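**Student:** If you use mature numbering (1 follows the signal peptide of the UniProt record, and there is no 0), the sequence shown corresponds to residues -22 to -1, 1 to 152, in order. Cβ atoms here follow ideal geometry from the backbone N, Cα and C, with glycine treated the same way. Quantities reported herein were computed from a predicted structural model and do not represent experimental measurements. Next up is a structure, given as structure tokens.
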Amino acid sequence: AAPARPLCGLVLCFIFLDATKPLLVTWATAQKGPGERFILGTFVLVQTTLSLMVGLTLAAGPTLSLLPRPCVRLHAMWRQRILRCLEPAAVLRCLPVSGCLCMSKLLLVMALGRLDAGTVRVFGQASLPLVGVSSALFFSKRYTLQQWCSLVAISIALITFYYVKAEVQMQRLR
């Protein structure tokens, strides 16, 4: 149980940082002066860097012991695990997915220049139903009824969000 605790804390920290990104972008944009320029891509760069660091940290398999004195120990084969993550053949195998993620990040930076961070964040969730339907159609992936219900619920929530947002904007124009 002890090794799972630091891992759980690390994952929770990453989730917290990822979830607060829209709030931080909105706050930073509101705090800038009229003549100042805020570089929205900074948050995307920081998030990507944190993701890489979290992944490499998880590969190293750290454990934390508090008694008799606080100590962090890495997995016995941590060097091999890190090198396996950075192995050129493994990197090349992941290149198509990496290219898509890179394009996604570039489009995210462009979207942050035109939309508020919350809208961009919600729009990013649209990929979940899209991936589910695409994988079912093109790769014959089978999902359970519960998984399909989750995808439908996400889709309904997205449609509702944009409908309410459009209604609010229409009310402001009147």
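Look at the Cβ atom of L86, then the Cβ atom of V98, and state whether they are nearer than 8 Å.
**Tutor:** For L86 and V98, yes; Cβs fall inside 8 Å.
**Student:** Within 10 angstroms of the Cβ of G110, are there 16 or more other Cβ atoms? Answer buried if so, exposed if not.
**Tutor:** Buried: at least 16 other Cβ atoms inside 10 Å.
**Student:** Would you say G96 and T20 are within 8 Å of each other, going by their C-beta atoms?
**Tutor:** No, the Cβ-Cβ distance between G96 and T20 is not below 8 Å.
**Student:** Pairs of beta-carbons, one from the stretch 21 to 38 and one from the stretch 50 to 64, closer than 8 Å: are there three or more?
**Tutor:** Yes, the stretch 21 to 38 is in contact with the stretch 50 to 64.
**Student:** Please look up how many angstroms separate the CB atoms of L129 and Q103, rounded, as I've assumed it's under 8 Å.
**Tutor:** Actually they do not touch by this definition, with Cβ atoms about 11 Å apart.
**Student:** Determine the extent of the beta strand (DSSP E) in which L123 is found, giving its start and end residues.
**Tutor:** Careful: L123 lies outside any beta strand (DSSP E), inside the alpha helix (DSSP H) at 123 to 151.
**Student:** On the three-state DSSP scale, how would you describe R51?
**Tutor:** Strand, per DSSP.
**Student:** Go ahead and pull the three-state DSSP assignment for S118.
**Tutor:** In this structure, S118 counts as coil in the three-state DSSP scheme.
**Student:** Taking the alpha-carbon of V100 as reference, which of K143, R120, A67 has the nearest alpha-carbon?
**Tutor:** Cα-wise, what sits closest to V100 is K143.
**Student:** Let me confirm a value: L90 is counted as buried when at least 16 other C-beta atoms fall within 10 Å, else exposed. Which label applies?
**Tutor:** Label assigned to L90: buried.
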